[in-house]
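Residue numbers (the UniProt record's numbering): 1 to 181.
Just so you know, even glycine gets a beta-carbon here, dropped at the ideal spot from N, CA and C.
Please read the structure below before turning to the comments.
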């Protein structure tokens, strides 16, 4: 049985957003649905999506592999994505990455034995002003991450708390100063 066999309403609604000759434009919504429900994109899902939109698995994989959101190996319940671009790197992301991988005992493509965590370095999460930044799954960013904030984050996730329930030490954010002209 295919992933989308029991999701005909979703397929109809998705394909209705595009002209019949533009069905390939639905690749990303279909990939996203698989990622959200299964946590990763299996090769058979790539083939299924290719059949549904009328293209090749190579084209679907080309789209999927461009984005760090899509995973091609199983991930933990909490997939921690550490921004590795310049602003975050200058603000200490490398040290946080080292701490994180040492604390969890895993590297990219691995899952902790309890199934809770997986880690990945990603390119720009787009919050340079609050660097360094970590994203948990598809949740809002955890910003201004320090070792203390990362320890609190891990403890909260281990305790089963939702991201918004976890209290992180320290302050974060930038202040906009109004200037009189």
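Residue i (DSSP reduced to helix, strand or coil)
i	result
residue 145	coil
residue 162	coil
residue 111	strand
residue 16	coil
residue 46	helix
residue 8	helix
residue 29	helix
Candidates the options, of which the one nearest residue i by Cα
i	options	result
residue 145	102, 113, 162, 89	89
residue 137	125, 65, 147, 42	125
residue 6	25, 33, 27	33
residue 52	99, 115, 14	14
residue 114	169, 44, 78	78
residue 117	154, 21, 141, 162	154
residue 41	3, 22, 9, 56	3
Residue i - partner residues in DSSP beta bridges
i	result
residue 81	120, 135
Sequence-distant residues of the same chain with beta carbon closer than 6 Å to residue i, five excluded per side
i	result
residue 123	85
Unbroken alpha helix (DSSP H) run spanning residue i, endpoints
i	result
residue 101	93-104
residue 58	57-66
residue 89	86-90
Close-in-space but distant-in-sequence residues of the same chain around residue i (CB under 8 Å, 5 per side omitted)
i	result
residue 18	25, 26
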